[in-house]
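Visitor: Residue numbers (my numbering), protein chains in the order written: chain A, 69 to 233; chain B, 69 to 233.
There are 2 protein chains.
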Amino acid sequence: MNAIDDALNANREFARRFTQSYLSRRPARQLAVVTCLDARLHVEEALGLANGDANILRNAGAIVTDDVLRSLVFSHQVLGTREIMIVGHTECGLLRFDGQELGARLERQFGPAPSPLAFHVFDDLEANISRQVQKIKSHPWLKSALVRGVAYDVKTGMLNELKGG
Amino acid sequence: MNAIDDALNANREFARRFTQSYLSRRPARQLAVVTCLDARLHVEEALGLANGDANILRNAGAIVTDDVLRSLVFSHQVLGTREIMIVGHTECGLLRFDGQELGARLERQFGPAPSPLAFHVFDDLEANISRQVQKIKSHPWLKSALVRGVAYDVKTGMLNELKGG
Chain A
69 MNAIDDALNA NREFARRFTQ SYLSRRPARQ LAVVTCLDAR LHVEEALGLA
119 NGDANILRNA GAIVTDDVLR SLVFSHQVLG TREIMIVGHT ECGLLRFDGQ
169 ELGARLERQF GPAPSPLAFH VFDDLEANIS RQVQKIKSHP WLKSALVRGV
219 AYDVKTGMLN ELKGG
Chain B
69 MNAIDDALNA NREFARRFTQ SYLSRRPARQ LAVVTCLDAR LHVEEALGLA
119 NGDANILRNA GAIVTDDVLR SLVFSHQVLG TREIMIVGHT ECGLLRFDGQ
169 ELGARLERQF GPAPSPLAFH VFDDLEANIS RQVQKIKSHP WLKSALVRGV
219 AYDVKTGMLN ELKGG
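Shown next, in the form of structure tokens:
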């Protein structure tokens, strides 16, 4: 259990070489990316982004939850982003996962969660990405953003845009 | 409006050089990081993380919302992470921000949001990070994880751990 200590140690070297205090809170490319927490997704490298370029939002499954809508409204209406990219990925942990079974097991083991917890599992990657794109497009406070959905292949590193965005 | 096209073009070169198809869904360092969507936070570089090392969760403010709890339960109980690091940062857009004024303005301009939208603004960075740490520590399904809170300084690149974790 020393991953956090390792990160804090690595950060000392990072800070010693740090030269980017000039960066703005407003993303230089006016881009927001919504993607999964999966460890295999290195967002900046896979999308060619530099520090300062984009707002990056990540949760389990790249699901457009209420929290993602909150964050996107802030990004679009306050930080000035104009394009939103949903990036789902192959081999996602939520793909064909049994969330009900997990919830039941955790409840037996640890007692109930204080508020109900839906895992937002899905059966079809592209259909799921399309649903998330539609949730953003139908939100009245995000209508002026351009939204596109893509799937990342963890075996090839390739992004494949969905037909119809 | 060509940030997404630029990202897709950059990805072709990334995929050509891609060699990491061996990576596991289970984070190598058994680490989950919860941080902000802010464009100035390059999580991997600032924390010395390689691709495959950690689950990374990001939203506006590094707030432990229900969606973050969902994602952390999945990360801890399914993907095997054991340490959770909350990384807030200086100059966060939600710090001393007037969320009610923004909500009222957007409602006048675009009509009401389909579900109410709280921005989770805060007045004190360290107190906010501590609150988020406590939310995780008090969740029965995350009790076996080690949780620590740190603040990232966007002017120096330094992580500063909170007193008391």
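The C-beta atom is built at its ideal place from N, Cα and C for all residues, glycine as well.
Helix, strand or coil for V222/B, going by three-state DSSP, please let me know.
Guide: Of the three classes helix, strand and coil, the one that applies to V222/B here is coil, per DSSP.
Visitor: I want to verify the contact list: residues of chain A whose CB lies under 8 Å from the CB of H110/B, in sequence order.
Guide: Simply E112, N119.
Visitor: Using a 10 Å radius around the Cβ and a threshold of 16 neighbouring Cβ atoms, would you call D166/B buried or exposed?
Guide: With fewer than 16 Cβ atoms within 10 Å of its Cβ, D166/B is classed as exposed.
Visitor: What did DSSP end up calling N70/A once you bin it into helix, strand or coil?
Guide: Three-state DSSP puts N70/A in coil, outside helix and strand.
Visitor: Check this for me: beta carbons of D135/A and D135/B, under 8 Å apart or not?
Guide: Cβ atoms of D135/A and D135/B: closer than 8 Å.
Visitor: Using the DSSP secondary-structure output, state which residues sit across from T149/B in a beta bridge.
Guide: BP columns for T149/B are empty, so no partner.
Visitor: What does F187/A reach in chain B if we use C-beta pairs closer than 7 Å?
Guide: By Cβ distance, chain B contributes R138, F142.
Visitor: Which same chain residues end up closer than 6 Å to K205/B when comparing Cβ atoms and leaving out the 5 residues on each side of it in sequence?
Guide: Excluding sequence neighbours, K205/B sits near V215.
Visitor: Using 10 angstroms around the beta-carbon of D73/A, count the other beta-carbons present and answer buried if the total reaches 16, otherwise exposed.
Guide: So D73/A counts as exposed.
Visitor: Since A130/A and G161/A are thought to touch, with beta carbons under 8 Å apart, how far apart are those beta carbons, to the nearest angstrom?
Guide: Contact flag wrong, Cβ pair sits at about 11 Å.
Visitor: Check this for me: beta carbons of F82/B and G225/A, under 8 Å apart or not?
Guide: In contact: F82/B and G225/A (Cβ atoms closer than 8 Å).
Visitor: Give every residue of the same chain whose Cβ lies closer than 8 Å to the Cβ of Q88/B, excluding the five residues on either side of it in the sequence, and list them in chain order.
Guide: Taken in chain order, the residues that qualify are N119, G120.
Visitor: For A195/B and T133/B, I'd like the C-alpha separation in whole angstroms.
Guide: Between A195/B and T133/B, the C-alpha separation is close to 16 Å.
Visitor: Is the beta carbon of S139/A sitting closer than 8 Å to the one on A128/B?
Guide: For S139/A and A128/B, yes; Cβs fall inside 8 Å.
Visitor: Looking only at its own chain, which residues have a Cβ that is under 7 Å from the Cβ of W60/B, when we skip the five neighbours before and after it?
Guide: Since the first residue of chain B shown is 69 and the last is 233, residue 60/B is not available in this structure.
Visitor: What first and last residue would you give for the alpha helix (DSSP H) that runs through E175/A?
Guide: Segment 167–178, the alpha helix (DSSP H) holding E175/A.
Visitor: Since E229/A is in the beta strand (DSSP E), which residue starts that stretch and which ends it?
Guide: Its beta strand (DSSP E) spans residues 227–229.
Visitor: May I have the straight-line CA-CA distance separating E175/A from F86/A, to the nearest angstrom?
Guide: So the alpha carbons of these two residues sit roughly 45 Å apart.
Visitor: On the three-state DSSP scale, how would you describe L76/A?
Guide: Helix.
Visitor: If we require 4 or more residues per run, which alpha helix (DSSP H) segments fall completely within the segment 87–169 of chain A?
Guide: If we require 4 residues or more, the alpha helix (DSSP H) runs fully inside the segment 87–169 of chain A come out as 111–115, 134–145.
Visitor: So the alpha helix (DSSP H) R85/A belongs to, where does it begin and stop?
Guide: Looking at the DSSP string, R85/A is not in any alpha helix (DSSP H), and its letter there is neither H nor E.
Visitor: Going by DSSP, which residues form a beta bridge with V215/A?
Guide: DSSP lists I152/A as partners of V215/A.
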